[in-house]
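Let me begin by presenting the structure, written as structure tokens, before commenting on it.
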Amino acid sequence: MRVEHEPEVPKPSGAGWGRAMRVSSDLLAGLFVGTLLGYLLDRWLETEPWFLLAGIGLGFAAGLRNIARSMKDDSGSSSEI
Amino acid sequence: MIDIRAAGPMEQFEILPIIALDFAGVDISFTNSSLWMVIATSAIVLFFFLATRRAALIPGRVQSAVEVLYEFVSDLVRDTIGADGRKFFPYVFTLFIFILAANLFGLVPSIPGTPAEIHTFTPTSHLIVTLALAMVTISIVLIYGFWKNGLKFFKLFAPSGLPIYMYALIVPIEIISFLSRPISLAVRLFANMFAGHIILKLFAGFVVSLLSAGGAVMLFGIAPFLGAVAVTALEFLVAALQAYVFAVLTCIYLSDAAHAADH
């Protein structure tokens, strides 16, 4: 006899879509701001490409920081990690 | 007869001036975007006027709806910011209700045969509108943060209890993270409304193209039609959800500003 399993996969829902959009925009915004700051600092100080490279790395880290923060918010605890 | 000149999916986002205005060389025309913001705002005012005109102890239907909205945002503000968040309630409520109304009015079908200037337009599907809203939020965060905490506001960027050498890395990351907030906030709302309306328009366009093909091909039109119906339902959800997310994040940022010195 076949045993019916409840699928473990969460149903696609509006909340899931909202969360997906939130995570992607958080990551992209961090990366964008980091890269932009690095680029502008480079142009200002004429140190191409060092600040840009650092900005990309730090921006990515900031994006991940944003995601960690919003995931923490979602789980209902305080906004501070 | 069906007009087979199905408009492209981007046409709905076009800004069309209704009353051309010019202020010191800056174009401040009253556009279709302005028109739909005015419509959304007027609808909110009318709705609240009707709901509170005869405020009764036992609320009627409209009054209940408004009370539910009020309670909802009020709880959100209290839970996120805490006891001293009361003063932000008017701002968060205004923001929430305006975005919600703007999103929902964008889902009203255009009246066929009317000029393109008054076709349905979603102000929140433009990045500049959502960015302006996010900038207002972040300005309030900055002004209130410095007013409340003074220079201790900078503690937001330097959490205490780290080894000294870690600050060289953490401080830039936190600053970039802070600066990315308005962009993240703005892009999220804009991208949701923009993408949703494009999908909707594409599905609708398929229906029109297939129907105009004639013959048995017309039967295939049922698939994109059902798709359009499903996407419309999803869009109502997204419209409410994104207004909510915007309000929640505003509250979180305000909460950070209010409690920056405690870190």
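Sequence lines, in order, name chains S and W. Numbered per our numbering, the first sequence spans residues 119 to 199. Numbered per our numbering, the second sequence spans residues 7 to 269. Idealized CB from N, CA, C, for every residue including glycine.
Candidates P65/W, K154/W, L82/W: closest to D268/W by CA position: Here residue 268/W refers to the residue found at position 262 when the second sequence is read from its first residue. Residue K154/W is the option with its Cα nearest to D268/W.
Beta strand (DSSP E) segment containing P23/W, residue limits: Position 17 of the second sequence, counting from 1, holds the residue named residue 23/W. DSSP places P23/W inside the beta strand (DSSP E), whose first and last residues are 23 to 25.
Within chain A, partners of F169/S - CB distance below 8 Å: Any reference to chain A falls outside this structure, whose protein chains are S and W.
C-alpha distance - L155/S paired with G173/S, whole-angstrom precision: Start at 1 with the first residue of the first sequence, and residue 155/S comes out as number 37. Start at 1 with the first residue of the first sequence, and residue 173/S comes out as number 55. Spanning the two alpha carbons is a distance of roughly 7 Å.
Close-in-space but distant-in-sequence residues of the same chain around T256/W (CB under 7 Å, 5 per side omitted): Start at 1 with the first residue of the second sequence, and residue 256/W comes out as number 250. In chain order, V98, L101, T143 place their CB closer than 7 Å to the CB of T256/W, counting only its own chain and leaving out the 5 sequence neighbours on each side.
Opposing strand residues paired with D33/W [DSSP bridges]: Against the second sequence, residue 33/W aligns to sequence position 27. D33/W pairs with D28/W.
Segment limits, alpha helix (DSSP H) that includes D85/W: Along the second sequence, one-based indexing puts residue 85/W at 79. Under the DSSP assignment, D85/W falls in the alpha helix (DSSP H) whose first and last residues are 67 to 87.
Proximity to D81/W [Cα-Cα], best of Y250/W, P178/W, A263/W: Counting from 1 along the second sequence, the entry for residue 81/W is found at position 75. Of the listed residues, the one whose Cα sits closest to D81/W is Y250/W.
Whole-Å CB distance - F54/W paired with V72/W, under 8 Å assumed: Against the second sequence, residue 54/W aligns to sequence position 48. Against the second sequence, residue 72/W aligns to sequence position 66. Correct: roughly 6 Å between the Cβ atoms.
Where W42/W falls, given that 16 or more other Cβ within 10 Å makes a residue buried: Counting from 1 along the second sequence, the entry for residue 42/W is found at position 36. With 16 or more Cβ atoms within 10 Å of its Cβ, W42/W is classed as buried.
Range covered by the alpha helix (DSSP H) that runs through D268/W: Position 262 of the second sequence, counted from the first residue, corresponds to residue 268/W. In this chain, D268/W is not harboured by any alpha helix (DSSP H), its DSSP state being neither H nor E.
Sub-7 Å separation of I179/W and A179/S beta-carbons: Here residue 179/W corresponds to residue number 173 of the second sequence, with the count starting at 1. Here residue 179/S corresponds to residue number 61 of the first sequence, with the count starting at 1. The beta carbons of I179/W and A179/S sit closer together than 7 Å.
Endpoints, the alpha helix (DSSP H) within which L168/W is located: Numbered from its first residue, the second sequence carries residue 168/W at position 162. Segment: none, L168/W is in no alpha helix (DSSP H) and carries neither H nor E.
Backbone CA spacing between G227/W and G211/W [nearest angstrom]: For this step, residue 227/W is matched to residue 221 along the second sequence. For this step, residue 211/W is matched to residue 205 along the second sequence. Approximately 10 Å between the Cα atoms of the pair.
Limits of the unbroken alpha helix (DSSP H) element including F19/W: Counting from one through the second sequence, the residue named residue 19/W turns up at place 13. Here F19/W belongs to no alpha helix (DSSP H), and DSSP marks it neither H nor E.
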